[in-house]
Amino acid sequence: MMKRPILIAASPNTQSDDIAIAFKGILQPWKWYEPAYTSELEARFALDFNSEAITFDSARSAFYAYLKTLDLEPDSEVILPGFSCMVVANAVLWAGLTPIFVDCNEVDYNYDRDDLKEKISERTRVIVLQHSFGFPENISKIRSLVGENVQIVEDLAHSLGGTSQEGRLGTLADAAIITFGIEKVISGVRGGMLLIRNEELAGKIREMRAKLPRFPFLKTFTALLNPLLWELIIPTYNLGVGKFTLGRMMTALFHALGLLGNMIETCEYKACKPNWLPSPISPILARLALNQYEKLEQLNKHRCEIVSIYLEELGIIDKKENNVFLRFPILVHDRCEVTAITKAQGIVLGDWYKSILYAPKSSLDGLKYVPGSCPNAEDFANKIVNLPTHIRLEPEQARNIAKLVKPYIL
Ligand SMILES: Cc1ncc(COP(=O)(O)O)c(C=O)c1O
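Quick note on numbering: the sequence shown equals residues 3 to 412 in the numbering used here.
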């Protein structure tokens, strides 16, 4: 019997209840802009994180709105991880500020403290902490390095629901950004949020958001369609010969028809802001995100169980298994071969961050990345693979993945 493929990026958190909401959503377009969906999601986060919670179409837009509202001087600098995704850097550029990229360390892919110390300047106003893959950053140590006047923003893209010795991630700094993107901890297909404790700033950000046009209708439609299409694609992904499989052909067709949507638009690769950004979250997508949020504990418990299998099978003893890993990162030699042998078994591993800022080389200049300025990140980009931890991955499959990658681990 053909085994169900494991595709780390293909709507990995979606379960039958999410599909039902998306399907019902498509049939009831008159409910797409129901404001109660948005306010319910915001109220839940506000309560749980003891914070103002303001949704947008994405985390990049939430961060952009935050930076604009801080009203910083034009030469202000924002410190960001180089081992990350370009969309966060774009938000900085769109706000007319300067991104400064800091290298990562080899233990947890968070900031290399020496590089950080060198790159803090009198123009530093904001620093983003990524909690890479789920490894928590130490916020008080970062605070002691940057001082009291720098805004610390936690990025919960990899770590929503995680905790550290300091407390619940997302409650430990001045603000936090959360993405509800399809591959993240919980998925509303597209969406994001800013958590902020300064009520005056929160008020200004809400005012700004109130003037924005609503999330596009067509993009709402494609976002709702997305998990349904993956339900068609995934079971048939390996049905066929070589690269000519039904699932792959459907993927190509749906992409060509624009039905799978784009998480990053073409102009963003040139650091340009699509004209519909920022926009408020699409309320029906907030409904999807809330449904996932209600399952956060279950999704993360599963992730922890899967990671404990990886740790055991791979004989890794120096990584804490009680972190919530969105994906479990390992460095390997001969990544091409690892990718090939896993693909041959219908397993597509993750490739964050296979290039600096997960961007093509041609984008780096526009993103203001100076080649050679994050040497660890540049090195790890050639060696990293991410093992899946998502809810549909069964323990036996995790064991098999670990066995396949073990001979290659560095
Ligand atoms: C680490 C990280 N932070 C933030 C974001 C931004 O999320 P969004 O796609 O909602 O803008 C991403 C997106 O891919 C990401 O990888």
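The C-beta atom is built at its ideal place from N, Cα and C for all residues, glycine as well.
Item                                                                                                                                                           : Value
Once the 5 residues before and after Arg211 are set aside, which same chain residues still bring their CB inside 8 Å of it?                                    : Ile56, Phe58, Ala67, Pro280, Pro282
State the start and end residues of the unbroken alpha helix (DSSP H) segment that holds Leu316.                                                               : 298 to 316
Consider the C-beta atom of Gln294 and the heavy atoms of ligand 1; say whether any pair is separated by less than 7 Å.                                        : no
Helix, strand or coil: how does DSSP classify Pro331 here?                                                                                                     : strand
Quick one: what's Pro390 bridged to in DSSP?                                                                                                                   : Arg329
How should Asp19 be labelled, buried or exposed, when 16 other C-beta atoms within 10 angstroms of its C-beta is the threshold for buried?                     : exposed
Put Ser365 into one of helix, strand or coil per three-state DSSP.                                                                                             : helix
In the DSSP output, what is Val80 paired with across the bridge?                                                                                               : Pro101, Val128
Nearest-angstrom Cα distance between Lys245 and Asn402?                                                                                                        : 23 Å
Closer than 8 Å is the cut-off here; do at least three beta carbon pairs connect the segment 156 to 167 with the segment 131 to 139?                           : yes
Among the residues of its own chain, which have a CB less than 8 Å from the CB of Lys385, if the five just before and after it don't count?                    : Leu333, Val334, His335, Arg337, Leu412
From the DSSP secondary-structure annotation, give me the bridge partner or partners of Asp414.                                                                : Outside the displayed range of the chain (3 to 412) lies residue 414, so it cannot be described from this structure.
Measure the CB-CB distance between Leu287 and Gly193 and report whether it falls below 8 Å.                                                                    : yes
My guess is that Lys175 and Leu196 are in contact by the Cβ rule of under 8 Å, so how many angstroms apart are they, rounded?                                  : Note on residue identity: the sequence assigns Ala, not Lys, to residue 175. That belief does not hold up - the Cβ atoms of Ala175 and Leu196 are roughly 12 Å apart, past 8 Å.
Looking only at its chain, what residues have a beta carbon closer than 8 Å to the beta carbon of Met3, apart from the 5 residues adjacent to it on each side? : With a pLDDT of 41 at Met3, under the threshold of 50, the modelled position of this residue cannot be trusted; read the value that follows with caution. Taken in chain order, the list of residues that qualify is empty.
Using a Cβ-Cβ cut-off of 6 Å (strictly less than) and excluding sequence neighbours within five positions of Gly249, which residues of its own chain qualify?  : Ile235, Thr238, Tyr239
Along the chain, where does the alpha helix (DSSP H) that runs through Gly205 open and close?                                                                  : 201 to 212
Going by beta-carbon coordinates alone, are Ser284 and Trp32 separated by less than 8 Å?                                                                       : no
List the endpoints of the continuous beta strand (DSSP E) containing Ala45.                                                                                    : No beta strand (DSSP E) holds Ala45; the alpha helix (DSSP H) holding it covers 37 to 51.
Should Asn92 and Ala383 be called a contact, given that it needs their Cβ atoms to be closer than 8 Å?                                                         : no
Can you name, in chain order, every residue of its own chain whose Cβ lies under 6 Å from the Cβ of Pro14, other than the five neighbours on each side?        : His392
With a threshold of 8 Å between beta-carbons, can Leu259 be considered close to chain C, or not?                                                               : No chain C is present in this structure, which holds just one protein chain.
Could you check whether the Cβ of Met195 sits closer than 7 Å to any heavy atom belonging to ligand 1?                                                         : no
Say the cut is 7 Å; is the CB of Arg329 nearer than that to a heavy atom of ligand 1?                                                                          : no
Can you pull the DSSP bridge partners for Tyr113?                                                                                                              : Cys106
Roughly how many whole angstroms lie between the Cα atoms of Val128 and Ile28?                                                                                 : 40 Å
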